[in-house]
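Heads up, the sequence shown is in the working numbering, so the first residue is 71 and it goes up one at a time.
Here's the structure, in structure tokens; my notes come after.
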Amino acid sequence: MAEVKLAVETRTEFGKGAARRIRRESKVPAVVYGHGAEPVHVTVPGHELMMALKTSNVLLAIELNGKNELVIPKAVQRDPLKGFLEHVDLLLVKRGEKVQVEVPVLAEGDLAPGQFLLEYVL
Numbered sequence: 071m072a073e074v075k076l077a078v079e080t081r082t083e084f085g086k087g088a089a090r091r092i093r094r095e096s097k098v099p100a101v102v103y104g105h106g107a108e109p110v111h112v113t114v115p116g117h118e119l120m121m122a123l124k125t126s127n128v129l130l131a132i133e134l135n136g137k138n139e140l141v142i143p144k145a146v147q148r149d150p151l152k153g154f155l156e157h158v159d160l161l162l163v164k165r166g167e168k169v170q171v172e173v174p175v176l177a178e179g180d181l182a183p184g185q186f187l188l189e190y191v192l
């Protein structure tokens with residue numbers, strides 16, 4: 071599992087205007103939660119986060135309130151037209167802990183002759 075170190079900053083401004091100001095600075099608004107802890111609103115460097123999310127199996131190491139924490143991206147919101155990151159939910163995990171995640175299945179290549187692929191769109 072790839073581990074990427076990111077520098078995060080806690081934030082006190084919320085709402086659409088604050089999120090736009092954060093994105094204008096090439097950062098991404100995010101929230102860190104899990105293990106019964108209160109959710110913490112943070113900003114993450116946009117380019118570094120985007121490059122980290124390109125790997126399929128990423129574990130993010132962040133420093134939060136003076137403590138080193140491990141998080142995994144739980145929900146990623148992107149701009150539908152440009153593909154920019156708009157918001158990320160980060161889930162706190164502990165090293166060695168088992169987690170359940172959803173994994174997308176991508177079919178590659180061509181089907182064998184005489185076979186077909188049935189797809190459902192929900």
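Backbone N, C-alpha and C fix where the C-beta goes; we use that ideal spot for every residue, glycine too.
In the DSSP annotation of this structure, A182 is not part of any alpha helix (DSSP H), being labelled neither H nor E. The DSSP-derived three-state label of K97 is strand. Excluding residues up to 5 positions away in sequence, D159 lie with their Cβ nearer than 6 Å to the Cβ of A145 in the same chain. Taken atom to atom, the span from the alpha-carbon of E167 to that of I142 is near 12 Å. When secondary structure is reduced to three states using DSSP, A88 falls in the helix class.
In the DSSP assignment, A145 falls within the beta strand (DSSP E) that extends over K137 to R148. The straight-line gap separating the alpha-carbon atoms of P99 and H157 is approximately 5 Å. Contact annotation: Y103 and L162 have beta-carbon atoms nearer than 8 Å. Here E178 carries a coil assignment [DSSP, helix/strand/coil]. Its chain contains no residue whose beta carbon lies nearer than 6 Å to that of G136 once the 5 sequence neighbours on both sides are disregarded. Judged by DSSP in its simplified three-state form, A131 adopts strand.
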